[in-house]
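Undergrad:
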Amino acid sequence: MPHIKTIEGQLDAKGLKFALVASRFNDFIVDKLVSGAVDYLTRHGADRADLTLVRIPGAFEMPLVAKKMAASGAYDGVVCLGAVIRGATPHFEYVSSEVAKGVALVTLETGVPVGFGVLTTDSLEQAIERAGSKGGNKGVEAAAATLETIRVLEQI
Ligand code: INI
Numbered sequence: 405m406p407h408i409k410t411i412e413g414q415l416d417a418k419g420l421k422f423a424l425v426a427s428r429f430n431d432f433i434v435d436k437l438v439s440g441a442v443d444y445l446t447r448h449g450a451d452r453a454d455l456t457l458v459r460i461p462g463a464f465e466m467p468l469v470a471k472k473m474a475a476s477g478a479y480d481g482v483v484c485l486g487a488v489i490r491g492a493t494p495h496f497e498y499v500s501s502e503v504a505k506g507v508a509l510v511t512l513e514t515g516v517p518v519g520f521g522v523l524t525t526d527s528l529e530q531a532i533e534r535a536g537s538k539g540g541n542k543g544v545e546a547a548a549a550t551l552e553t554i555r556v557l558e559q560i
């Protein structure tokens with residue numbers, strides 16, 4: 405590939421403030437995503453005092469709360485953490501599509517990077533796999549993506 409001017413974000417969270425918005429629904433899974441995100445951010449230089457965790461009822465409530473946190477101007481980034489698991493509930497389709505659409509709108513409307521760490525899986529087993537076992541940890545991924553995006557935007 406020819407050498408071209410490239411903008412990349414450094415994964416340095418020093419001095420940055422983050423809001424973590426985490427749902428209580430399926431908290432057995434979501435707590436693993438929260439731990440993963442906190443661990444990632446602090447290992448990349450964030451101060452624990454600069455992380456604020458907001459607990460919300462379910463993923464459906466996430467866009468509204470994420471929007472208020474993002475629009476407050478108090479945070480460099482927002483990391484959304486939740487788990488929508490298809491089970492016996494007809495809610496799955498509604499909740500999963502609304503949360504994805506809603507969170508995408510929040511980041512575009514506010515200009516604040518918002519990471520989407522919301523698992524949408526067919527089973528509890530798949531959710532467990534992506535919450536700190538063989539499929540990685542979606543909370544870590546969302547925190548990393550939020551950090552990288554903050555550092556990219558600073559250079560544009
Ligand atoms: N909320 C979730 O975060 N995950 C789910 O799997 C889920 N399901 O399947 O129903 C869920 N529903 C609750 C929803 O997010 C709202 O809290 C509720 O509808 C009240 O507004």
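Following the numbering used here, the numbering of the sequence shown begins with 405 at its first residue and continues without gaps. All C-beta atoms in this analysis are idealised placements derived from N, C-alpha and C, irrespective of residue type, glycine included. For clarity, every value in this text was computed on a predicted model and none was experimentally measured.
State the CB to CB distance for the pair Ser427 and Gly462, rounded to an integer number of angstroms; the pair is presumed to be in contact (CB under 8 Å).
TA: With a Cβ gap of about 5 Å, Ser427 and Gly462 count as contacting.
Undergrad: If you compare alpha carbons, which of Ala417, Ile460, Ile489 and Phe464 is closest to Ala441?
TA: Minimum Cα distance to Ala441 is reached at Ala417.
Undergrad: Could you give the distance in angstroms between the alpha-carbon of His407 and the alpha-carbon of Ala535?
TA: Going from the Cα of His407 to the Cα of Ala535 covers about 38 Å.
Undergrad: For the stretch 493-518, which segments carrying the alpha helix (DSSP H) assignment without a break, of at least 4 residues, lie completely within its bounds, in sequence order?
TA: Fully enclosed alpha helix (DSSP H) runs of 4 or longer: 495-514.
Undergrad: Give me whichever residues DSSP pairs with Thr523 in a beta bridge.
TA: Strictly speaking, residue 523 in this sequence is Leu, with Thr absent from that position. DSSP, once it has assigned bridges, lists Ala487 as partnering Leu523.
Undergrad: With 16 other CB atoms within 10 Å as the buried threshold, where does Lys471 fall?
TA: Flag for Lys471 reads buried.
Undergrad: When DSSP labels each residue in this structure, what does Gly540 get in the three-state scheme?
TA: In this structure, Gly540 counts as strand in the three-state DSSP scheme.
Undergrad: Cβ-heavy atom distance between Ser427 and ligand 1 below 8 Å?
TA: It does: the Cβ of Ser427 is within 8 Å (strictly closer) of some heavy atom of ligand 1.
Undergrad: So is the beta-carbon of Ile489 under 8 Å away from any non-hydrogen atom of ligand 1?
TA: Checking every heavy atom of ligand 1 against the Cβ of Ile489, one is found closer than 8 Å.
Undergrad: In the DSSP assignment, find the unbroken beta strand (DSSP E) run with Arg447 in it and report its ends.
TA: Looking at the DSSP string, Arg447 is not in any beta strand (DSSP E); the run it does join, the alpha helix (DSSP H), is Asp431 to Arg447.
Undergrad: Quick one: does the C-beta of His495 sit closer than 8 Å to a heavy atom of ligand 1?
TA: His495 Cβ: within cutoff of ligand 1.
Undergrad: Compare the C-alpha of Ala508 against each of Arg459, Val556, Tyr498 and Cys484 and name the closest.
TA: Selected option, being the one with the closest Cα: Cys484.
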